Amino acid sequence: EEAEARPPPPPPPPRRSRCRPGAWRAQQFDVRALAGASAGLRDRRMVLCGGIVAAFEGSMFVFVFSWSPVLVAGSPGLAPHLGLIFSAFMLSCAFGLSARMAAPGLI
5 EEAEARPPPP PPPPRRSRCR PGAWRAQQFD VRALAGASAG LRDRRMVLCG
55 GIVAAFEGSM FVFVFSWSPV LVAGSPGLAP HLGLIFSAFM LSCAFGLSAR
105 MAAPGLI
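Converting from the sequence shown to this note's numbering requires adding 4 to each position, the first position being numbered 1.
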């Protein structure tokens, strides 16, 4: 018998995008974030607030990275309980914030 002539297979569908799925949404988010950042940089109060927060956080990082070597060097014969000291410090920070929120006119 004669073999039936088969038509060639259809070509693959064209690719829509070479980007990963959801890349457009991420790009859209980036554009909105940049728009918000540029709007924030135009306001002097926002820049000042950002500088104050950056200075506070920077000082906190310096404290966190240097407080335990200073305590250990200051008391060579005594092993300070660093976990207890740090938790007491964090508790005092939380207490100060709670007091500020409870009595905004006093503090």
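For each residue, glycine too, the CB sits at the ideal point set by N, CA and C. It should be emphasised that the depicted structure is a prediction, and the values quoted were computed from it without experimental measurement.
Which first and last residues belong to the alpha helix (DSSP H) in which residue i is found?
i	result
P73	R48 to G78
G100	L86 to A106
Report, in whole angstroms, the separation of the C-beta atoms of residue i and residue j, which I expect to be a contact under 8 angstroms.
i	j	result
I89	L101	Between L101 and I89 the Cβ distance is about 19 angstroms, and since that is not below 8 angstroms, they are no contact.
S72	L86	5 angstroms
Between the options, which lies nearest to residue i when the distance is taken from Cα to Cα?
i	options	result
V68	S91, R46, L82 and P11	S91
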